[in-house]
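In full-length UniProt numbering, the protein residues as written are 1 to 208.
Here it is, written out as structure tokens:
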């Protein structure tokens, strides 16, 4: 989402479970050897409020990013950016799953610009854009693949807090989930302001 200064946008979205609609022609996932090239998109399924993932240009710059936005809103409203610190020049970017089951973003030289990290390998890796706007990497061979994610975008927020996304300090994994403002209208890289939870070991408690 394009914001300015210290403005943080928290998207409180009412996801109706009553008037759900199925869009069979929309693709919400990729599996090896499939890839997503610039111009292609993934679209979440079934809900009236839908999300779309694809390549886009931010503001007046010529840089290309992979992001997630609301598909239903005419003015593109970006809620998550993968390569927010490493934009791509040109429209030859490629999003794919590599040989070690990581989701990777490649530039025109097929050099890795951005990638996910997972301690586990998948027998049948799949990348899917969920109805919640969460992009996940999972193993279809796992009987609990609908909940056991190898990686998910909700663990790495950009500047927008979506429903079911948490801001927290995970002591087990050491992962800190916080929001960070865009640097400016055209640059989604982290700016000067963040919002999250800080852990104080001396107090042994969480401080907002």
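Note that the Cβ used here is the ideal one computed from N, Cα and C, for glycine as well.
For clarity, every value in this text was computed on a predicted model and none was experimentally measured.
query: Leaving out the 5 sequence neighbours to the left and right, which residues in its chain are closer than 6 Å to residue 92 when beta-carbon positions are compared?; result: 108
query: Roughly how many angstroms separate the alpha carbons of residue 83 and residue 58, rounded to a whole number?; result: 12 Å
query: Report the three-state DSSP secondary structure of residue 139 (helix, strand or coil).; result: strand
query: DSSP three-state label for residue 192, please.; result: strand
query: Measure the C-alpha to C-alpha separation of residue 140 and residue 32 and round it to an integer number of angstroms.; result: 12 Å
query: Could you name the residues of the same chain whose beta carbon sits closer than 7 Å to that of residue 50, not counting the 5 residues immediately before and after it, in chain order?; result: 43, 44, 71 and 72
query: Below 7 Å CB to CB, which residues in the same chain sit around residue 130 once its five sequence neighbours on both sides are set aside?; result: 44 and 136
query: Return the CA-CA distance between residue 35 and residue 86, expressed in angstroms with no decimal places.; result: 20 Å
query: Around the C-beta of residue 138, are 16 or more other C-beta atoms found within 10 angstroms, so that it is buried, or is it exposed?; result: buried
query: By DSSP's criteria, residue 52 is part of a beta bridge. Which residues make up the other side?; result: 43 and 69
query: Do residue 157 and residue 132 have their beta-carbon atoms positioned less than 8 Å apart in this structure?; result: no
query: For residue 125, report the span of its beta strand (DSSP E) as first-last.; result: 125-129
query: Secondary structure at residue 159, three-state DSSP: helix, strand or coil?; result: coil
query: In the DSSP assignment, what residue or residues form a beta bridge with residue 81?; result: 67
query: At what residues does the beta strand (DSSP E) containing residue 152 begin and finish?; result: 149-152
query: Hey, how far is the Cα of residue 111 from the Cα of residue 68?; result: 22 Å
query: Going along the chain, which residues of its own chain have a beta-carbon closer than 6 Å to the beta-carbon of residue 151, five neighbours each way excluded?; result: 116, 118 and 137
query: Is residue 175 buried or exposed, if buried means 16 or more other CB atoms sit within 10 Å of its CB?; result: exposed
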